[in-house]
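Residue numbers (UniProt numbering), protein chains in the order written: chain A, 1 to 567; chain B, 1 to 567.
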């Protein structure tokens, strides 16, 4: 009879427990969770705060009782595993309710402790109006503060998933919100120019977005207001009400009523490190492809571990729910004698930012640059479904690939419709090892309400293949500011468009449909830098010009890419 | 200078013309279209009739003038190519406006004539109230009939894409509608049990759906009503007003005010056949992988051609817009000296049926059976995104695969949300040659508004892998009626569910969470046929039972699959 202990009762741990029981009816399975809840929907917490998910109970997917009934798993909440005795294969457990300690032996131990919020040592940060959001009790505290203090202004520090979702939650509750991000962009899985679409959306919704700014200190000013018990105010109210004066590193200061710290998470490795398990260079628990730590009797999964990057093969930290769940399942397989290997993480991610979805898979340009990988990129902006059918929205799509063999490095997309679908397609294509040339042939669902006969992905693949084959010569938005004397800008849009959305200074305007007649106006001794709105007409113009002996380049993704790169 | 003639100015022809110009500035390109319009959105026609697309002009994507301005293509509408002189490389063209004929020489000829509606020789079918829908004039005639006759009842014959879309259009206009389909299901790209979801939706919307019924004869009864010109009725009205008496092959008869024949399409091969080009066994123009006909100077693309099936490698006819567009592009490449090969058609298809999307890719079960291919299948029914986030809908998903090596044969999905995405994922995975085992590792976008940590596809892959590895033993919905004396049915749902949605006669009911305690109630000498609502709890019960020495099978896809298979 195999005895399995599991540390952590959420995504990875709960998946492992359920899978282990399905494989073995007689294994003894004990799951320890130091918090009061197991298997809760941690990705749903901001949405309950904001009111999208109205019933708190919907977040509690399983209870200790339901786990016992269905899977015969002994779930011990409020029980923290405080140390591991690897030699004797046992753990010491502290009962957080009564403070007692006991030990429990194991044949296999699974660590799924997750990652905790990083709270930097900022002066004054430890105050009753500052929160982070990791679990149900955190959420309850935030909701309580909102209900009792009725904040008029909230500040979120950190423009990652949780920060963005909390920003939206506050906005939905009618609370004026400031979002502070130290980097020059939110949502770092995508590149700066793609984040520009998110910045525009965030500002359009009235959020005070401060990029490239850090929080320097916090001053808590308690409110001397005396609770009016007669009018329904609670006395508990009194001790946390107040406001925060925030000082930023750009010299500004800011008064706010509630502060959320969401600058990132760090793997929980204390237990593993103290037990002498190998910790990787990135600070996560080391695991091999079987999800085994440096001790063969101990497995680890989820946000706490380092895993293999699918694209580079290097170690990576990807604190996301999908990998955690699948790793938990595999670890259970392997503890019970199977031989499953984890196939690496692409880091496929998506975030709802008001009406936009922002998503990515694989490597972004920042990472490729950092790693010194030679790459090419394309942008397309095209309708999520047939543009003549109601509800079509622009999908802004970026694809990174190997300029020699067309191998896919990564993809990013932003838009109001069909973004998840396009990144899913790319995640599958990349995992399957497809090239951008092969993407041309993808046969995706098409009817007017759902797609286009030439889908976003097909179109991006056409553009990329044109570059690889030399049928097009690219210039990118970042190079537009550095044109030489030997280059001139040609805007091939219609004059009305230039007025409506703006244009680049110094460009000659010849609409594409007049170009064949007016080509003589262009010099043959200069390189013509062509642009249109999204790159499509630019390509038509490019082909006309080069087939007529001109030197030219086309701005990939057009003016729209250039414009939002600066948003 | 290359001279290219193109026959047909819609999807394939228009794509080829634009691509050819981008490749060569000096090629002479003439596009002939016997109708009055080029490059119109033929997939949008039913949606304009139904009112979703309000402006007719949105369907006209290009005009002869715009084609000339942008691509320097000589577009000749109302010009029909009536014969090909292959020896002299010229065609005879009839000007349909004045009846004159002329000839035009070519270096390369591209045939993109499309496919025409099949109208069977049913007595009485040729009458002013019976229509088919292929192009803008057809659409205009249908709209005119609706506007002038104000039909109270419409009948659509044929449950394919156009028939279903026309059914929905009539329903949207408040016209009572009967849909007649000779087969036992609509939307033949999916299998009968998946079509059951569509049947339920169609009937729920009040459509009179008649399956397994054919139209036998039509009697046109003109209305003697005299137009009251004074009250605004037109006299033109008079001559087409009336009603149709339909006689069906089941003895029923039916009175209707407008009849749409949409039983299918047939490749337009007259011109090709008369020129002696090879016609394939399926009745389409034969082409090789370069989209070249049996005459190397003549290419053909789109609905008129036979192409290679991606899965089987056999010839197939797939009249869909996506392949037509890509083939047009490739044919242009090859006419201008490139060497592009068409990579085969999976037949990826989707149709909106009221609130449902019904989609498929690859081979269906009917085709696999017919071809004698050994296959296994799984069904899952799971939420389109995190079930605790608003707006989640059930995706009912079927996957067909090789039971030995896990190769994907095809997939089908039905639901109100996220159906296109899942079939796109499968279309890519199949094209990339992935196995169901590999689908377990797919890392798809997940945040509560978009997906689940274990997506529909991951879940289907888990079920399929369980079958391949012997971790689960399947029984399918079709076998439930033929249980032997040595098998007993076990329903592991909660009693309330049985009452709410129904159950199978003779089943013992032990909720899965009580099974461990009550296992003794079950006989060890019989095979336990387990089922739950969708198959998930059934699998938990299955694992419990077999790990305790019972013989068992689990109904894949659960009661929901069984129930809708009979809808």
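Yeah, the Cβ is synthetic: ideal placement off N, Cα and C, and Gly gets one too.
Name, in chain order, the residues that DSSP records as bridge partners for residue 291/A.
Position 291 of the first chain, counting from 1, holds the residue named residue 291/A. None, per the DSSP bridge assignment.
Residue 170/A - DSSP class collapsed to helix/strand/coil:
The residue given as residue 170/A occupies position 170 in the first chain. Reduced to three states, the DSSP call for residue 170/A is helix.
Completely contained alpha helix (DSSP H) runs for the segment 420-466 of chain A, where each covers 4 or more residues:
436-439
Same chain, Cβ closer than 7 Å to residue 142/A, neighbours up to 5 away in sequence not counted
Reading the first chain from its first residue, position 142 is the one you call residue 142/A. For residue 142/A, the CB contacts under 7 Å within the same chain, skipping 5 residues up- and downstream, are 49, 131 and 133 in chain order.
Distance check for residue 6/A and residue 111/A, CA to CA, integer angstroms please.
Here residue 111/A corresponds to residue number 111 of the first chain, with the count starting at 1. Here residue 6/A corresponds to residue number 6 of the first chain, with the count starting at 1. The alpha-carbon atoms of residue 111/A and residue 6/A are separated by roughly 6 Å.
Measure the C-alpha to C-alpha separation of residue 405/A and residue 373/A and round it to an integer number of angstroms.
For the purposes of this step, residue 405/A is identified with residue 405 of the first chain, where counting begins at 1. For the purposes of this step, residue 373/A is identified with residue 373 of the first chain, where counting begins at 1. Spanning the two alpha carbons is a distance of roughly 13 Å.
If you reduce the DSSP assignment to three classes, tell me which class residue 533/A lands in.
The residue given as residue 533/A occupies position 533 in the first chain. In the structure shown, residue 533/A sits in coil (DSSP, three-state: anything other than H, G, I, E or B).
Partners in chain B for residue 25/A, counting only beta-carbon separations shorter than 7 Å
Here residue 25/A refers to the residue found at position 25 of the first chain. Near residue 25/A (Cβ distances below 7 Å), the residues of chain B are 544, 547 and 548.
Candidates 436/B, 429/B and 364/B, of which the one nearest residue 434/A by Cα:
Numbered from its first residue, the first chain carries residue 434/A at position 434. For residue 434/A, the nearest C-alpha among the options comes from 429/B.
Distance between residue 365/A and residue 81/B (C-alpha atoms, nearest Å):
Along the second chain, one-based indexing puts residue 81/B at 81. Along the first chain, one-based indexing puts residue 365/A at 365. Cα-Cα distance, rounded: 51 Å.
Segment contact, 8 Å Cβ cut-off, at least three pairs: the segment 520-534 of chain A with the segment 542-552 of chain A:
yes
Quick check on this structure: which residue in 4/A, 517/A and 489/A has the alpha carbon closest to the alpha carbon of residue 509/A?
Position 509 of the first chain, counting from 1, holds the residue named residue 509/A. Closest in C-alpha terms to residue 509/A, from the list 4/A, 517/A and 489/A, comes 489/A.
State the DSSP-derived secondary structure class of residue 103/A, mapped to helix, strand or coil.
For the purposes of this step, residue 103/A is taken as the residue at position 103 of the first chain. Three-state result, residue 103/A: strand.
Specify, as a first and last residue, the run of the beta strand (DSSP E) that residue 177/A falls within.
As a working mapping, residue 177/A is identified with position 177 in the first chain. Start and end: 176-181.
Just the C-alpha distance for residue 200/B and residue 357/B, rounded to the nearest angstrom, thanks.
For the purposes of this step, residue 200/B is identified with residue 200 of the second chain, where counting begins at 1. For the purposes of this step, residue 357/B is identified with residue 357 of the second chain, where counting begins at 1. Computed Cα separation, rounded: 13 Å.
Cβ atoms of residue 59/B and residue 53/B: under 8 Å apart, would you say?
For the purposes of this step, residue 53/B is identified with residue 53 of the second chain, where counting begins at 1. For the purposes of this step, residue 59/B is identified with residue 59 of the second chain, where counting begins at 1. Contact: yes.
What does residue 43/B pair with, by DSSP beta-bridge criteria?
Mapped onto the second chain, residue 43/B falls at position 43. Partner(s): none; residue 43/B has no beta bridge.
Chain-ordered neighbours of residue 62/B on chain A, where CB pairs are closer than 9 Å
Numbered from 1 along the second chain, position 62 holds the residue referred to as residue 62/B. Result: empty, since nearest Cβ-Cβ is about 12 Å, beyond 9 Å.
Establish whether the CB of residue 516/A and some CB of chain B are separated by less than 8 Å.
Here the question's residue 516/A lines up with position 516 in the first chain. Interface residue, yes.
Per-residue contacts from residue 533/B into chain A (C-beta, under 9 Å)
Position 533 of the second chain, counting from 1, holds the residue named residue 533/B. Per Cβ cutoff of 9 Å: no residues; residue 533/B is ~15 Å from chain A at best.
Which ranges does the beta strand (DSSP E) cover as unbroken runs of at least 3 residues, wholly within the segment 108-154 of chain B, from first to last along the chain?
Here the runs fully enclosed are 108-111 and 115-117.
Report the start-end ranges of each alpha helix (DSSP H) in the segment 332-389 of chain B that is 4 residues or longer and not cut off at the edges.
365-370
Check residue 205/A in the structure and name its three-state DSSP category.
Position 205 of the first chain, counting from 1, holds the residue named residue 205/A. DSSP places residue 205/A in coil when its eight states are reduced to three.
Compare the C-alpha of residue 213/A against each of 409/A, 182/A and 350/A and name the closest.
Here residue 213/A corresponds to residue number 213 of the first chain, with the count starting at 1. Checking every option, the nearest Cα to that of residue 213/A belongs to 182/A.
Limits of the beta strand (DSSP E) - the one that residue 73/B falls within
The residue you call residue 73/B lines up with position 73 of the second chain. First-last for residue 73/B: undefined, no H or E at that position.
From 504/A, 41/A, 485/A and 442/A, residue whose alpha carbon lies closest to that of residue 345/B:
Residue numbering aside, residue 345/B sits at position 345 when the second chain is read from its first letter. Ranking 504/A, 41/A, 485/A and 442/A by Cα distance to residue 345/B puts 442/A first.
Chain B contact residues for residue 44/A, given Cβ-Cβ distances below 9 Å
In the first chain, residue 44/A corresponds to position 44, counting from 1. Chain B residues near residue 44/A: 386, 388, 389 and 448.
By Cβ distance below 6 Å, which residues in the same chain neighbour residue 456/B in space, the five residues on each side in sequence not counted?
On the second chain, position 456 is the one that residue 456/B refers to. Within the same chain, residue 456/B has close Cβ partners 382, 395, 397 and 422.
Give the residues from the segment 422-444 of chain B that approach chain A closer than 8 Å (Cβ to any Cβ), ordered along the chain.
423, 424, 425, 427, 428, 429, 431, 432, 433, 434, 438, 440, 441, 442, 443 and 444
Coil, strand or helix - residue 241/A by DSSP
For this step, residue 241/A is matched to residue 241 along the first chain. It is coil, neither helix nor strand.
With burial defined as no fewer than 16 other Cβ atoms inside 10 Å of the residue's Cβ, what is the status of residue 33/A: buried or exposed?
Taking the first chain and counting its residues from 1, one reaches residue 33/A at position 33. Per the 10 Å Cβ criterion, buried.
Using C-beta distances below 6 Å, list every residue in its chain close to residue 169/A, excluding the 5 sequence neighbours before and after it, in chain order.
The residue labelled residue 169/A in the question sits at position 169 within the first chain. Hits under 6 Å: 46, 49 and 50.
For residue 92/B, which of helix, strand or coil comes out of DSSP?
Indexing the second chain from 1 puts residue 92/B at position 92. Strand.
Suppose only complete runs of 3+ residues qualify. What are the beta strand (DSSP E) ranges in the segment 267-325 of chain A, listed by chain order?
298-300
State the DSSP-derived secondary structure class of residue 468/A, mapped to helix, strand or coil.
As a working note, residue 468/A is residue 468 in the first chain. Here DSSP, grouped into helix, strand and coil, assigns residue 468/A to helix.
Residues near residue 101/A by beta carbon distance below 8 Å, same chain, minus five either side
Residue 101/A sits at position 101 when you count from the first residue of the first chain. Hits under 8 Å: 82, 92, 93, 94 and 95.
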